[in-house]
Amino acid sequence: MMKSDYIFIAGKRDEKRVSSRVLEDTIHQHVKRGNKKLEIQAFGQHGIGGRLWESYPDKMDIRIIGHSGQRTGSLGTPNTRIEIMGPASDDIGWLNAGAEIIVHGSASNGAMNGAAQGKVYVGGSIGARGMTMTKRNPRFEPPELWVLGAAGDYFGEFMAGGIAVICGLNAADPEQLLGYRPLVGMVGGKVFVRGEVKSYSDKDAKEVDLDDQEWEWLIQGLKTFLKKIKQPTLINELAVRKHWRLIEAKSPQEKAEGPDRKSMSWYRDQIWDAELGRGGLIGDLQETEKGTVPVITKGEYRRYIPVWEHGKYISPCQASCPTGIPVQQRWAMIRTDNIDEAISMGLEYSPFPATVCGHLCPSPCMASCTRNLSYMSPINVRLLGQAAQNIKPPKPAKASGKKVAVIGGGPGGLSVAWQLTMKGHTATVFEAGQAIAGKISAVIPESRIPADTLNAEIERINSYIKDIRLGEKVDAKKFNEIKNSHDYVVVAAGGNKPRSLPIKGAERALFANDFLEKAKANKIKPGKKIVIIGAGNVGCDVATEAHRLGAVDITLIDVQKPAAFGKERDDAEKCGAQFRWPVFTKEINSQGIKLESGELLPANTVVISIGDVPDLSFLGEGIELERGFVKVDETGRSSDEKVFAIGDAVGPGLITNAIGAGRRTAIVIDQLLNGQAPDVGSLAPMIDTRRINLTYYNPRHDPNTLEACGDDCASCGNCKDCGICVAVCPEGAISRQEKATGFEYVVDESKCIGCGFCKGACPCGVWELIPNTPLA
Amino acid sequence: MSSNRSLEPSSLSLNDLPWQIEYNNDRCTLCGQCTAVCPVHAIALHPFQKRILKTSVGKNAEQSNEYDTFYGIRQDTRVENACIGCAMCTLVCPNDAIRPKKNPSLDRMKFHINQHGIPRRRGGRRNDSGSILDRIKFTRISMLTDPALDAGRHEFEMRTLLGRVLSPRENMKQLREKGWIPPVREIYPLIIGGMSFGALSPTMWEGLQMGVAYLNEEMGMPVRICTGEGGCPPRLLRSRFLKYVILQIASGYFGWDEIIHAIPHMKEDPCAIEIKYGQGAKPGDGGLLMWHKVNKLIAAIRGVPQGVSLPSPPTHQTQYSIEESVAKMILSMSMAWGFRVPVYPKISASSTSLAVMNNLTRNEYAAGLAIDGEDGGTGAAYAVSMDHMGHPIASCVRDNYLNLTALGKQNEVPIFAGGGIGKNGNIAANAAALIMLGASGVQIGKYVMQAAAGCVGTEEDRCNVCNLGICPKGITSQDPRLYRRLDPEDVAQRVVDIFVSFDTQLKKIVAPLGRSTSLPIGMSDALGIDDKNIADRLSIKYVV
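Keeping their order, the protein sequence lines are chains B and S.
Using my numbering, you'd call the opening residue of the first sequence number 4 and step up by one each time.
Using my numbering, you'd call the opening residue of the second sequence number 26 and step up by one each time.
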């Protein structure tokens, strides 16, 4: 040491430590005076040797003896060289911008913290947080930290540039030369380490190969370093390439990839399933395929599947027809040009298609027509009925030789006999009157049923049912004879006994049926004023006929809201009939009707029209009655096994009810005659009309020909074979196929996604979307 | 709809529905995906009629009136088919032509979801997105003082203790006298709360368990998950993963025979036993697994017939007082594992919870208390229970914690808080707030379903059909067609993501408070809120 070269600056005066501010001032005065070499006797003063930019362009040489304080050489400049002749305190080379600092001993925490240039050579180890926050400015050489020993904890945190060389000589923990948790947040720079680094932040840094160029740089640097710290002989010990490793910051791309974690599929396969067994958590309880099911699925993974429910439900028209005519099938026949078949089908169900379907029936089928739901006119079934007036009946089946007696030749009785004849049995009709068709021919006015229509159908019936006996009154004795000489007896005697009122003067009144029968034969004069007790449809017929026969003041009274409806009521109203209710009759006298209110309704004629009850006195004791009607089961069978009963003998109803009951009873009798168990069968349930789409029809169109009716019929529940579903299916999964039993629409489940478009678009409500079969 | 139909009281129009389908006919390609995916058949293809009038007043003009048909997607207005807003249609639509929109005005359907006299039941949560926890701020920030910690740089011990912690004096005494020291587990403070095998689909349940196991074994995070009440698959009971599992026993006692059979074969003790007395979402009401979800597998694991609804009684039968309940159940469960496993009750937050807590402090076997607040979720409950019953979690935890401090036992009986943590996505902040109010850890349920499996449920009454087994994401369904939409591996990966990210967030909160080596349990001086009444009620700072 050439003492004379350096100007000595004491850090203590008069046994008192010079403050950091005063020592700084002293150093700067020397720099200004041009002194280039200073030896400072330090007593822990802060930041010695930093900020010596005033010496430019000359170099400054600072030698520190004693205890150098914190942040020695902080904010150091490139023209400064500092040599600390012993150990250094915290933050050596803090924010170093170019100074060279040599420490002949160890340095404590924070060495090189925040440095961007300059070099710090430490001839021992360093404390915690060395080389942290260091930078690299491309306009200058990077900062370098050379450490002979090891680094303390948290080395290189947030290191953004620069080079650290840790030689690891005499390290306290040879396994971990960079201390605890080094290089957290490192984004730049590199670290050469001679020896082990058990762990570092692998999220931020990675070990790379030490290539020849790096090695050459390191050897040259080591030689310089050892020379600076005056230990050149260590070069041989340190310069063993295989002892060195190089750690660099990861690139942002590498960081983005994340730390080297095991993949979850590896974990599942190698650890999870290995511990639990094949199939994982519940592999022992159920077989589950691996892998996911897509959101839109085909085949068995569809949650819902479409079904072509053609014919599964019956249409409202069929469901509401008391006769049980499959109305809608007839329109389907019309659509396929089988017009004759459609018309003649009526005769398979009724002997009176034209009379009843075409004229007299209030047509519940039309009232229930789905088209009404959108205020479209219902499909006019009367056209079909009327068209049947002159067609031939179906050919009867082979004669069975069985005999069935039918008591009563009204619509119900003729229906049974018609059906039994069709099935090959011999039906004998016993009619008390002189004409068949009961009330249709006897009491219903001609205004409601054209005579030629009725006559044509009666003629057809007469030619079809061979044994119709007119004027055959049946009493108890005769009934027994009939019963004994026939396989079965059907009582279809009708409601031929009018109901009366228990009031004074009731005998002055006429019963409606008597009035109508006389009126039809023009054998009665009702006078100007007529009062009809009972404002039902029969009462309306009385009113209409009375009007025809000269009555002008026509009143229908009832105890409740009049039940009359439809054409009968319209006709009565056209005749000026007045409806009054609720009114209660007290007595009938010569002037008319006296009401309980005291009011007198003057009348020339009073007609009681409150319904009919059957006269069943001929049945004798053996057959159970209920409130004056024959008690029957659902097949029409009475308490006597051989005796059936239908129509008004069983309870009041429409003509169509009697015809339907006759048909069903004939089916049952046929089954019994063939030795089968009686089964009237049950119709399929009626379709939910919300399934029908009426948007395809012109709401202003009133179909008035058979063809137009066929087209406009919504074909509820029965496929119209329009092919809209085929067109609408987004996957092309539906096709029409011709089968032996007819056509069918079929879904290819390998294409179908279960969207339900077929259901949504179907005009007839044939497609349904149902839950797929549950998977285990 | 037919034009001459009659009105019924529950005839609703689109305007009355809570969710309305916005549909763009021009963009729609009629591919059928939306109707195929809709879980409730709220939409269907429909033919529409279009009337084309061409008229003129000119002389000899021909007036023309034609009808045409076009197709589009139509929303059903029947109550049973009302759109639930899940937006699966939007998810699958290739043309962005359809989406459900919340009815901005008060929907009228509320008045009609009680057809046949059955009040509304649903899954999900309370329909209220408000959160006191979201409003709590962490106001005590260390910057210059040491330790000012750095969440990215420092190492943290984010761990909590589950179990009865004896006072140092008592602990030393027991050690000296070779007495009984209660079992204590060091676990991660974010716990996946009880969601049963049955309430959740098998894929979801397995995914959660797998994710938890991965966190433990690959990430070194001692995360725990509670089974909920529905038993536990036999394989899990016999695996080493059982140590990550808190077994729950509730009033239905479903699946406990399997657990008993497995005890002699257990490789590990379970982490703990949770005795469920109440659920925050439906306090005072028992568990409910509706029949839709009780398939063969669930029936087998629970030991019940298939296809029946499984209600649990609102209370444990044969127990008639807090003292009896706590004493009997805790002792029975402790005995099952030779007093090696912590046993604690879970109750719904209630103004009566202090009574339970006081009782626990006097029961040496009680390992802690879990409290579930009103914002908790459920797989199935009556809407009225969900929406109107219950107690907020914050003040309940606070009251219990302050009560413990008054008894000098705040470090001895840990409180675990649940219900609405992360309901608006702020899971770490909510968890930290509860911890600083006095919870030793928090339990999450809905959050993990939303974050790990994409549950679309919201407090706006979106979806929430967990009870019906038709979960469009496959989270709460027992139908393979639905639950196989979910891959357990993906769920597990998301669980890992959630916990790792939560960990960073929690550190970002506690580091500035200067805490890194222990959770800031009860560190309420760090909390502030901009409402004087709440601040007073919770004994935290009022900051504006």
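Note that CB positions come from ideal geometry on N, CA and C, so glycine has one too.
Predicted, not measured: the structure shown is a model, and the values here were computed from it.
- If you ignore the 5 residues before and after residue 228 of chain B, its C-beta comes within less than 6 Å of the C-beta of 124, 149, all in its own chain and listed in chain order.
- Non-local C-beta neighbours of residue 64 of chain S in its own chain, meaning closer than 6 Å and more than five positions away in sequence, comprise 495, 497, ordered along the chain.
- By the criterion of a C-beta distance shorter than 8 Å, residue 356 of chain S is surrounded in its chain by 390, once the five residues flanking it on both sides are discounted.
- 268, 270, 271, 274, 275, 278, 279, 280, 283, 284, 285, 286, 287, 288, 289: these are the residues of the region 268-290 of chain B whose beta carbon lies less than 8 Å from some beta carbon of chain S, given in chain order.
- Within the model, the alpha-carbon separation for residue 295 of chain B versus residue 510 of chain S is close to 5 Å.
- In terms of Cβ geometry, residue 440 of chain B and residue 423 of chain B do not form a close pair [threshold 9 Å].
- Just measuring C-alpha positions, the residue of B:113, B:313, B:557, B:132 sitting nearest residue 745 of chain B is B:313.
- When Cβ-Cβ separations below 9 Å define contact, residue 282 of chain S makes no contact with chain B.
- Among the residues of the region 73-95 of chain S, those with a Cβ less than 7 Å away from any Cβ of chain B are 73, 74, 92, 94, in the order of the chain.
- Our two residues, residue 733 of chain B and residue 56 of chain S, have alpha carbons roughly 5 Å apart in a direct line.
- Along the region 312-344 of chain B, none of the residues has a CB nearer than 8 Å to a CB of chain S.
- Remark: C-beta atoms of residue 443 of chain S and residue 467 of chain S approach each other more closely than 9 Å.
- Think of a sphere of 7 Å around the beta carbon of residue 264 of chain S: the chain B residues whose beta carbon falls inside it are 278, 279, in chain order.
- Listed along the chain, the chain B residues whose CB falls inside 7 Å of the CB of residue 239 of chain S are 267, 270.
- Around residue 368 of chain B, no beta-carbon contact reaches into chain S at under 8 Å, the shortest distance being about 18 Å.
- DSSP, reduced to helix, strand and coil, places residue 467 of chain B within a helical segment of the structure shown.
- Pairing residue 132 of chain B with residue 112 of chain B gives a Cβ-Cβ distance under 9 Å.
- When the beta-carbon positions are compared, residue 541 of chain B and residue 560 of chain B stay at least 9 Å from each other.
- Residue contact with chain S for residue 767 of chain B: absent (no Cβ-Cβ distance below 9 Å to any residue of chain S).
- With respect to the 9 Å criterion, residue 739 of chain B and residue 724 of chain B are classified as neighbours on the basis of their beta carbons.
- In the DSSP assignment, residue 90 of chain S forms a beta bridge with S:78.
- At a beta-carbon threshold of 7 Å, the residues of chain S lying near residue 696 of chain B are 72, ordered along the chain.
- Per DSSP, residue 500 of chain S lies in no beta strand (DSSP E) and is assigned neither H nor E.
- Shown here, residue 26 of chain B sits in a helix according to DSSP, grouped into three states.
- Contact check for residue 617 of chain B and residue 500 of chain B: beta-carbon distance about 7 Å, within the 8 Å limit, so the pair qualifies.
- Counting only runs of at least 4 residues, the region 341-397 of chain B fully encloses the following alpha helix (DSSP H) elements, listed from N- to C-terminal order: 342-352, 367-370, 384-389.
- Annotation: the continuous beta strand (DSSP E) that includes residue 589 of chain B extends over 588-591.
- Within the model, the alpha-carbon separation for residue 545 of chain S versus residue 535 of chain S is close to 7 Å.
- Under a criterion of Cβ atoms nearer than 8 Å, no residue of chain S is adjacent to residue 746 of chain B; the nearest Cβ is some 22 Å distant.
- The C-beta of residue 777 of chain B comes closer than 9 Å to at least one C-beta of chain S.
- For the set S:552, S:165, S:54, S:209, the Cα lying nearest the Cα of residue 459 of chain S is the one of S:552.
- A distance below 9 Å separates the beta carbons of residue 88 of chain B and residue 107 of chain B.
- With its beta carbon less than 9 Å from one in chain B, residue 320 of chain S belongs to the interface.
- Taking C-beta atoms as the reference points, residue 39 of chain B and residue 64 of chain B count as a pair closer than 9 Å.
- Residue 762 of chain B belongs to the set of residues whose beta carbon lies under 9 Å from a beta carbon in chain S.
- Taking residue 253 of chain B as the centre and dropping the five residues before and after it, the same chain places the C-beta of 207, 208, 209 closer than 7 Å to its C-beta, in chain order.
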